[in-house]
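As structure tokens, the structure follows; a few thoughts come after it.
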Amino acid sequence: MPRSPYDTYLYIDNFMFGRQVEKQQIMNVLLQENIPPFAPTVLPIISTNRVGKKTLVAHVCNNDRVKSHFPFILRLKGESIHKTEHGAFVPTGRTLVVVEFTSDIDDVSWQKFYSTTRRMGEGSKIIIISRIESVSRLGTIRPMHLYSLSLEEYSYLFKVLAFGSTNPDDHPRLSLVASELAVLMGGSLVVANVCADIFRKNQNLQFWQHILNKYRNFLVDNLSVFCEHPKLLIERDRPVDIAKLMSSTSAPLRLMPPHCKDDDSTRDLPKVRYGDLIAGSVVPPKEKFELVGWESRIPPYKKYVNVAMFSGEVNVSEHVVSPCKKRIRFS
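Everything in the sequence shown is counted per the numbering used here, starting at 152 for the first residue and increasing by one.
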């Protein structure tokens, strides 16, 4: 790959690694004229959970050309678009509307919303973000599908984040550990950010190997119990057991599916950073707590938050006991 990790790091917070083609495609759609002029173009962006679609769109919206082209950029939840039926939200100028759907919407509700958006300024656009394939039918143009980075891209990105301004070639043993961990993480961007942040703060070989061993044990444990990689479980909104990422407990510690940040039931829970938990710098509460995986540094400052809780027993509805109790080996 043409760029050196220690050069790229200087730009990583404002650089959409591995998505330059997709970013340019989105910008081309946003900056071209609508046909007809007052019918907003609708671009659906579809992918599985936590592949980076919201981050990609955030980078696009943060682009200077896009911000100068659209005086108004609105971010809406699909569940709340019925509130826009009377047009109270509609700006008078050219507007970019980003709508995130976590569930499908009926055609009547969508048409009411779309009719409202036709009152926005000429050249307005709508981006739909969802992991639900059926939502792509709402687009006026072909949807964009995002897929996970290749292992080569993912490993490169992880090293960019983990080594910071340091050249990995100067630390071959650390680089080898990073490569091994990249394989085990299975392409998760959130986990890559969490582990890279830990590594960047402590570039000690023994520490890195300790984290690698923790993650290997965590992976083996979940594969033996749930028969799936933790990344796939999270994408399907299933709990995973993160106890092996800690050193101080043998009791199952369930990481529950992500919740809405506006959920009042979790607002007063103790908060623990995922990286601090893995690094062993905090002792988790014995009761339910919020685990903050990652916080975006660009608008809309998305947080990846899960609820974690200790569990003395495994709920049989969480997984199916199967022949996957066989020995699992990683070279």
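We put the CB at the ideal spot given by N, CA and C, even for glycine.
Just so you know, these numbers come straight off a predicted model, no measurement behind them.
For residue i and residue j, which I take to be in contact (beta-carbon distance under 8 angstroms), what is that distance rounded to the nearest angstrom?
i: W445; j: N344; result: 5 angstroms
i: L396; j: R201; result: Going by Cβ atoms, the distance from L396 to R201 rounds to 18 angstroms, so no, they are not a contact pair.
i: T246; j: F223; result: 4 angstroms
i: W359; j: L325; result: 6 angstroms
i: D392; j: V376; result: 7 angstroms
i: E173; j: M295; result: 6 angstroms
i: I196; j: L297; result: 7 angstroms
i: L406; j: P390; result: 6 angstroms
i: I177; j: V211; result: 5 angstroms
i: V241; j: T267; result: 6 angstroms
i: R351; j: A313; result: 6 angstroms
i: S447; j: T206; result: 7 angstroms
In terms of residue numbering, what span does the alpha helix (DSSP H) encompassing residue i cover?
i: R351; result: L340 to K352
i: F309; result: L302 to F314
i: L207; result: K204 to C212
i: V248; result: No alpha helix (DSSP H) contains V248, which is instead part of the beta strand (DSSP E) from T246 to F252.
i: V334; result: P323 to M336
i: E386; result: P381 to E386
i: E173; result: Q171 to L182
i: H483; result: With the chain represented from 152 up to 482, any question about residue 483 goes unanswered, as that position is not in the structure.
i: V434; result: Run containing V434: none; DSSP gives neither H nor E here.
Please return the same chain residues whose Cβ sits closer than 7 angstroms to the Cβ of residue i, not counting the five positions on each side in sequence.
i: F189; result: R269 and E273
i: K382; result: G337, G338 and S339
i: S285; result: D255
i: K437; result: F461
i: F309; result: A329, A333, A343 and A347
i: D257; result: none
i: H361; result: none
i: S287; result: P195, I197 and P294
With residue i as the anchor, note down where its beta strand (DSSP E) starts and where it stops.
i: A190; result: Run containing A190: none; DSSP gives neither H nor E here.
i: N457; result: K454 to F461
i: F221; result: First-last for F221: undefined, no H or E at that position.
i: K422; result: K422 to R424
i: M407; result: L404 to P409
i: K276; result: K276 to S281
i: L297; result: Segment: none, L297 is in no beta strand (DSSP E) and carries neither H nor E.
i: V443; result: F440 to E446
If I measure Cβ to Cβ from residue i and keep anything under 6 angstroms in the same chain, skipping five residues before and after, which residues do I get?
i: F461; result: A402 and L404
i: I277; result: P191, V193 and V248
i: K477; result: Residue placement at K477 is flagged as unreliable, the pLDDT there being 44, under the threshold of 50; the coordinate-derived value follows with that caveat. Contacts found: none.
i: Y425; result: V345, L442 and G444
i: L227; result: V250
Nearest-angstrom Cα distance between residue i and residue j?
i: Y455; j: P409; result: 7 angstroms
i: N353; j: G315; result: 11 angstroms
i: A333; j: E303; result: 9 angstroms
i: I283; j: D388; result: 14 angstroms
i: S219; j: Q171; result: 20 angstroms
i: K142; j: I279; result: As displayed, the chain neither begins before 152 nor continues past 482, which places residue 142 out of reach and without an answer.
i: S330; j: C378; result: 24 angstroms
i: V423; j: P435; result: 7 angstroms
i: V208; j: K453; result: 12 angstroms
i: N179; j: K263; result: 27 angstroms
i: S281; j: K204; result: 8 angstroms
i: L289; j: R216; result: 26 angstroms
i: F369; j: A394; result: 7 angstroms
i: F221; j: S231; result: 22 angstroms
i: K365; j: D427; result: 14 angstroms
On the criterion of 16 or more Cβ atoms from any shown chain inside 10 Å, does residue i qualify as buried, or is it exposed?
i: Y305; result: buried
i: L300; result: buried
i: D348; result: buried
i: S432; result: exposed
i: L356; result: exposed
i: P323; result: exposed
i: G244; result: exposed
i: S260; result: exposed
i: S198; result: buried
i: S275; result: buried
i: Y160; result: For Y160, the pLDDT reaches just 37, beneath the cut-off of 50, and the residue's location in the model is therefore unreliable, leaving the point undetermined.
i: I292; result: exposed
For residue i, which residues in the same chain have their Cβ closer than 8 angstroms to its Cβ, ignoring the five residues on either side in sequence?
i: H233; result: S260, K263 and F264
i: L363; result: V328, E331, L332 and L335
i: D320; result: S326
i: D419; result: none
For the ligand FMN, any of its heavy atoms closer than 8 angstroms to the Cβ of residue i?
i: N364; result: Among the components of this structure there are no ligands whatsoever, and the ligand FMN is therefore not found.
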